[in-house]
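Student:
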Amino acid sequence: MHIFPAIDLYGGAAVRLYKGDYNEMTVYDKDPLRVAKAFVAHGASYLHMVDLEGAKLGEIRCFDLVRRIVTETGLKVEIGGGIRNEEAIERYLDAGVERVILGTAAVNNREFLTDMAGKYGDRLAVGIDILDGNVAVKGWTERTEVTCDEMFSQITSLGISRVICTDISRDGAMRGTNRALYASLSKTFNVNIVASGGVSSMEDITVLKEMGLFGAIIGKAYYTGAIDLSEAIRTCSQ
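Every letter in the sequence shown is one number past the one before it in the working numbering, and letter 197, counting from 1, is 197.
Here is the structure:
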């Protein structure tokens, strides 16, 4: 299982939200590049990034910062947030980002998702953010009528190879990841699933690895010291 340490960007800083609430934001470092370099020092190969401003506003807001992190760290970066058109996808890929993540655009525009999946293949992932069993969009600010299983069925039919699935109710809450959700999804759908939201202990990491998940995202647990990133990476590489 791959470990994806996370940097959420807002106002040029590395921040974390509590259960997706923009009013419950903690700034952990005003220099996200410094954070990314620390990840490298811990042995990370991958980096999960979210442009929270972009997700909320529907446009890229941190392109230059993301490009600099890619260039100066050598990490395999995946980025989501505000990517609503092909121009945004191409800009990020041309900047060296390994994979772009579609969230709102994937839910609201099936034709666009189909076209982009056919054109970009493995360079494209989909973020499915779950709130009370349904998919949320626009930076988690709107809950749709689309269920988690419905969205998974749609994207797997298109051949999408990777899904980042977040349980919003667990994100930043430090009370454990939704193991039942990921166990069910991994048994039902043939796709690489990255667990996100509430991964807050080495026990979470071990259980997700035993499920056979593709990856797990570590956010607040890293910033608070609840998980030793080096240990998590070593555990999952064995």
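Glycine included, C-beta positions come from ideal geometry on N, C-alpha and C.
Since this is a predicted model, take the numbers as computed values, not measurements.
1) Opposite C62 in the DSSP bridges: which residues?
2) Beta-carbon within less than 7 Å of L158's beta-carbon, same chain only, minus the 5 sequence neighbours each way: which residues are those?
3) Tell me the rounded alpha-carbon separation between N190 and I155.
4) Please list the terminal residues of the continuous beta strand (DSSP E) segment that includes A95.
5) Could you spell out the range, first to last residue, of the alpha helix (DSSP H) harbouring A41?
6) On a CA-only basis, which of C165, A95, V146, K138 is nearest A243? Give me that one, please.
7) Determine the direct distance from the alpha carbon of I205 to that of L213, and round the result to whole angstroms.
8) Mind checking which residues open and close the alpha helix (DSSP H) that includes V243?
9) Measuring CA to CA, which of S161, L65, S201 is closest to M174?
10) Can you name the residues that DSSP bridges to T68?
11) Report the residue ranges of all alpha helix (DSSP H) runs contained in full by the region 210 to 238; include only those spanning at least 4 residues, in chain order.
12) In three-state DSSP terms, what is N192?
13) How about the region 44 to 60 and the region 70 to 84: do they share at least three Cβ pairs that are nearer than 8 Å?
14) Contact defined as beta carbons within less than 8 Å: I believe S72 pairs with E98. What is the distance between those atoms, to the nearest angstrom?
15) Apart from the five residues on each side of it in sequence, which residues of its chain come closer than 7 Å, Cβ to Cβ, to A226?
16) Is it the case that the Cβ atoms of P32 and I60 are separated by a distance below 8 Å?
17) If you run the structure through DSSP and keep just helix, strand and coil, what is S177?
18) Mark T104 as exposed unless 16 or more other C-beta atoms lie within 10 angstroms of its C-beta, in which case mark it buried.
19) Span of the alpha helix (DSSP H) holding A117?
20) When you compare each of E90, K138, E87, G96 to G74 by their alpha carbons, which one comes out closest?
Tutor: In brief:
1) The residue given as residue 62 occupies position 62 in the sequence shown. DSSP lists no partner for C62.
2) Position 158 of the sequence shown, counting from 1, holds the residue named residue 158. Cβ neighbours of L158 beyond the five flanking positions: L113, T114, A117.
3) Translated into positions along the sequence shown, residue 190 becomes position 190. Translated into positions along the sequence shown, residue 155 becomes position 155. Distance from the CA atom of N190 to the CA atom of I155, rounded to whole angstroms, is 11 Å.
4) Numbered from 1 along the sequence shown, position 95 holds the residue referred to as residue 95. Element bounds for A95: n/a, residue is neither H nor E.
5) Here residue 41 corresponds to residue number 41 of the sequence shown, with the count starting at 1. Residues 32 to 41.
6) Here the chain comprises residues numbered 1 to 238, so residue 243 is not present and cannot be evaluated.
7) Here residue 213 is taken as the residue at index 213 of the sequence shown, counted from 1. Here residue 205 is taken as the residue at index 205 of the sequence shown, counted from 1. Whole-angstrom Cα-Cα distance: 10 Å.
8) With the chain represented from 1 up to 238, any question about residue 243 goes unanswered, as that position is not in the structure.
9) The count along the sequence shown starts at 1 and reaches residue 174 at position 174. Ranking the options by Cα distance to M174, first place goes to S201.
10) By 1-based counting over the sequence shown, the position of residue 68 is 68. Checking the displayed sequence, the identity of residue 68 turns out to be Arg instead of Thr. Answer by DSSP bridge pairing: none, since R68 is not bridged.
11) 220 to 223, 229 to 237
12) Reading the sequence shown from its first residue, position 192 is the one you call residue 192. If DSSP states are grouped into helix, strand and coil, N192 belongs with the strands.
13) yes
14) The residue you call residue 72 lines up with position 72 of the sequence shown. The residue you call residue 98 lines up with position 98 of the sequence shown. Here the sequence assigns Glu to residue 72, which means Ser is not the residue at that position. That belief does not hold up - the Cβ atoms of E72 and E98 are roughly 15 Å apart, past 8 Å.
15) Here residue 226 refers to the residue found at position 226 of the sequence shown. Result list for A226: M174, S200, S201, in chain order.
16) Sequence index remark: in the sequence shown, residue 32 carries index 32 (1-based). Sequence index remark: in the sequence shown, residue 60 carries index 60 (1-based). No, these two residues do not count as a Cβ contact at 8 Å.
17) In the sequence shown, residue 177 corresponds to position 177, counting from 1. The amino acid at residue 177 is misidentified as Ser; the sequence shows Thr. Correct three-state label for T177: coil.
18) Counting from 1 along the sequence shown, the entry for residue 104 is found at position 104. T104 comes out buried.
19) Translated into positions along the sequence shown, residue 117 becomes position 117. Boundaries of the alpha helix (DSSP H) around A117: 110 to 120.
20) As a first step, residue 74 is located in the sequence shown; it is residue number 74 there, counting from the start. Among E90, K138, E87, G96, the Cα nearest to that of G74 belongs to G96.
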